[in-house]
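To keep things clear, I will list the structure first and then write my remarks on it.
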Amino acid sequence: MTSARDARQAIVPELDARHRHLAAFVLFVAPNFLALALFSYWPLVRNVYLSFTYWDMIAPSPVWIGASNWIDVFTSKPFWRISGNTLTFTVVSVGVTMALALAAALLLNQKLLGRDLVRAVLFAPAILPGSAVALVWTFLLAPNYGFVSQLAAPLGLPSIRWLTDPAWAMPAVLLVVIWRRVGYDAVIFIAGLQGISKELYEAARVDGANAWQRFRHVTLPGLAPVSFFLLVTAILASFQSFDVIRVMTSGGPVIATTTLIYQVYQEAFVAFNAGRAAVYATILFLLMLSLTAIQVRLVERRVTYE
Amino acid sequence: MTRHTRRGAISLSAAITAGAALAACGGEATGGSGAPAASSAPVKIVYWGAFGGNLGKTQEEVVKQFNDVQKNVVVEHQFQGSYADAANKLTAAMQAKQAPELVVLSDVWWYKFYLNKALQPLDDLIKSEKVDAKDYVDSLFNEYVQGGKSYALPFARSTPLFYYNKDIWKKAGLPDRAPKTWDEFTKDFVPKLKSVIDSKQFVFAHPSSASYIAWVFQGVIWQFGGAFSDKDFKIQIGEPKGVQAGEFYRSSIKDGWAQASKDVDADFRGGVTVALIGSTGGLVGHEQAADGKFGVGTGFLPEGPAGFGCPTGGAGVSMVAGLSKEKQSAAFQFLNFSTNPRTQAFWSQQTGYMPVRKSTIDSKEMLDFLKLKPNFKTALDQLPRTKFQDSARVFIPNGDEIIGKGLERITVQQEAPSVVWKDITEILTKEAEPVLKLRKALGG
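Just so you know, the protein sequences line up as chains A and B, in that order.
No gaps in the numbering here: position 175 of the first sequence is 174 in numbering that gives the first Met the number 0, and each next residue is one more.
No gaps in the numbering here: position 18 of the second sequence is 17 in numbering that gives the first Met the number 0, and each next residue is one more.
Structure (structure tokens):
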């Protein structure tokens, strides 16, 4: 009996401590969790529900119609074009931006005259509002009398109808999106470059590695963590890229620059079809979720944080 | 939006300390508490407008005039952006139970709210306020009548108009008038115009789908003897006459006399395009922008193989349903003021929108004004020949954009109209289903 009581007395404070830890945990997590639950998780659940309804957002409540929104979307011609646009937009904007940013970072990591000024200029577009940037570029790209076309004219280049030609609208939008993001990526790359130990380069040099070999075997692996960070955030940002498209092309001509996120807006706030918008939003969510999962599993394993 | 935050701030701070509330709201709150009876305080009405720039200034002026001439009602005008923005925000505001009392709704938006019983029928108010409903231009007034009841009063009503650059016309040796027919335009005017403009200019401009190309094309399809649909939503756009009208638009690009434009108004004002079909609501803006640079000419829309065709357009003002009797009557006073003959004379002269009152059109003031403004006379003369638009564009959700995207396929993508209209017919037919259901439920 006494031993049992002793044992219990020994356990109780331990349990108390564990309870207290739990209480503290709940206390710390609750505000964030509640905010996330209210503004992220609940809308996600509600969104999935809405995708099975017809709702023009004016009627008091949505009407359940089963899977017909989903069938509509997957059997519609625009869906595949829009998916293709999204793929093009993401691959090109992320790929080209990161490649240019890396090149700029390598250059701006050298001791060059006016380096700080160039860095600041390069970074500036990242802090400007997207809609303002897009508006200015709309004027720059205006056919015939726009700045870009006046630059091109003396070179004998034809005036391109950037925003009204279906073949050129996507490149125009990409140009602006890349221009806007490249400085941000470059700054992160520069930080990454400065984090690589000088000794590694010296050791490589002693071993007789040439410039390309030093880049390939020291710089690139050393940049892996920041590259991974940039890749994940850039892909997610590209899926959410809306402002530039809205201002420059409104998703047109026809649907040449309509991406998944733009289609969500189009269905919800132009066509007032909340159900179909919810289908596109759910597709977008699942796509982003699975891409992030793949990235975390495949890429992170190969990235060493030293 | 300031209204919501202020209201929130008042109730919140009042709950904490009355003193803080008074301090936060300043004179407004103290003035209210000092008034002997609630009825003597003016009723506040929030009015959502959709006019910016020159139009916005004139709209502000109308509101100011109303607030100055009487003491019972105070109207707060809140600019919401484009017609689509205003409609969009209204849906959100209705869900949040924060809707304004009055709102500007364009031709393609009001019906959607009517179908959901979100708009107040105005007939009792028209009667009790003794408004002369017969003085409204019949066609404009009747567009908002459903099941014998009025759901808006016409306010900023417009029609398409043919605009041309007089200086270029002169240079090309053309008579100082718009082409009478499309045939005359393409065979006679276009070659002459092409010979005097440079490689950066073009003769005619098509707006994008987001800038209502389908509204302009509504007139064109009628000129070719076709229609988007009948009034019971049977889609007719793919019938031979509709295809023929589509072919005409396709050839306008192929033959090199028209271009798709990001901003037709800016192109016309900048001399990039020398002709366009645009809203009468843009008349004053065009004249001001072109002042000193070139002369602005106007004319009726050119006739097609089937003759003349021109739709009405623009916006009316609706009252949101579910208001108290006091608010209804207060809101209606402003609605009445905005559309009374005097205000309409002021509004239309300042903007180019059509006066919606017969007595305005016949007034001496207007006749004097028309002598000075021949372009405005063109618009007014064309008005009696305009028609209410086909259901497919104005009553099917997103109908305008669906047809507009089809027109972009035909123009910038040079696709065959017969193929495009077949797709569009399918989409429109499908999108009309929920409307037909709601309409049936309302007994229409």
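Idealized CB from N, CA, C, for every residue including glycine.
Predicted model, so just to flag it, every value in this text is computed and none were measured.
Pairing residue 274 of chain A with residue 165 of chain A, the inter-Cα distance amounts to about 28 Å.
The Cβ of residue 143 of chain A sits closer than 9 Å to at least one Cβ of chain B. Residue pairing for residue 100 of chain B: DSSP places it in no beta bridge. For the segment 204-228 of chain B, the set of residues with a beta-carbon nearer than 8 Å to any beta-carbon of chain A comprises 207, 208, 209, in chain order. Between residue 135 of chain B and residue 316 of chain B, the CB-CB gap reaches or exceeds 9 Å. Taking 7 Å as the cut-off between beta carbons, the residues of the segment 33-59 of chain A near chain B are 53, 55, 56, 57, 58, in sequence order. Residues 242, 243 of the same chain have their beta carbon placed closer than 6 Å to that of residue 129 of chain A, with the five preceding and five following residues left out of the count. Interface residue (Cβ-Cβ distance to chain B less than 9 Å): residue 65 of chain A is not classified as such.
As the crow flies, the alpha-carbon of residue 138 of chain B is around 28 Å from that of residue 237 of chain B. Assigned with DSSP and collapsed to three states, residue 416 of chain B falls in helix.
Taking a cut-off of 8 Å on C-beta distances, the segment 204-224 of chain B touches the segment 247-264 of chain B, as three or more cross pairs fall below it.
For the segment 260-283 of chain B, the beta-carbon criterion of a distance under 8 Å to any beta-carbon of chain A is satisfied by 260, 261, 269, 271.
For residue 433 of chain B, the closest Cβ of chain A is nearer than 9 Å.
Between residue 211 of chain A and residue 218 of chain A, the alpha-carbon positions lie close to 10 Å from each other.
Residue burial annotation: residue 147 of chain B is exposed, with fewer than 16 other C-beta atoms found within 10 angstroms of its C-beta. When only Cα atoms are considered, residue 114 of chain B and residue 81 of chain B end up about 22 Å apart. Note that the segment 149-159 of chain A does not touch the segment 227-247 of chain A; fewer than 3 beta-carbon pairs, one per stretch, sit closer than 8 Å. Counting only runs of at least 4 residues, the segment 151-209 of chain A fully encloses the following alpha helix (DSSP H) elements, listed from N- to C-terminal order: 165-193, 197-205. The continuous stretches of beta strand (DSSP E) do not include residue 265 of chain A, and DSSP gives it neither H nor E. Using a CB distance cut-off of 9 Å, residue 165 of chain A counts as an interface residue toward chain B.
The beta-carbon distance between residue 387 of chain B and residue 100 of chain B, rounded to whole angstroms, is 27 Å. This is too long to meet the 8 Å contact definition. According to the DSSP assignment, residue 284 of chain B belongs to the alpha helix (DSSP H) that extends over 282-289.
At a C-beta separation below 9 Å, residue 90 of chain B has these neighbours in chain A: 55, 56, 57, 268, 271. Per the DSSP secondary-structure output, residue 317 of chain B pairs in a beta bridge with B:102. Take the alpha-carbon of residue 85 of chain A and the one of residue 190 of chain B: they are about 43 Å apart.
In the three-state reduction of the DSSP assignment, residue 214 of chain B falls in the helix class, which pools H, G and I.
By the 16-neighbour rule on beta-carbons within 10 angstroms, residue 240 of chain B is buried. Listed by position along chain B, the residues whose Cβ is nearer than 8 Å to that of residue 162 of chain A are 261. Buried is the label assigned to residue 266 of chain A, since at least 16 other Cβ atoms lie within 10 Å of its Cβ. Proximity of residue 251 of chain A to chain B, defined by a Cβ-Cβ separation below 9 Å, is satisfied. DSSP places residue 56 of chain A outside both helix and strand once states are collapsed to three, so it counts as coil.
For the segment 401-422 of chain B, the residues whose beta carbon sits under 7 Å from a beta carbon of chain A are, in order, 404, 407, 408, 411, 412. Here DSSP, grouped into helix, strand and coil, assigns residue 278 of chain B to strand. In terms of CA proximity to residue 50 of chain B, B:349 leads the group B:349, B:159, B:97. Residue 204 of chain A and residue 168 of chain A have their C-alpha atoms spaced approximately 47 Å apart.
Residue 227 of chain B and residue 412 of chain B have their C-alpha atoms spaced approximately 21 Å apart.
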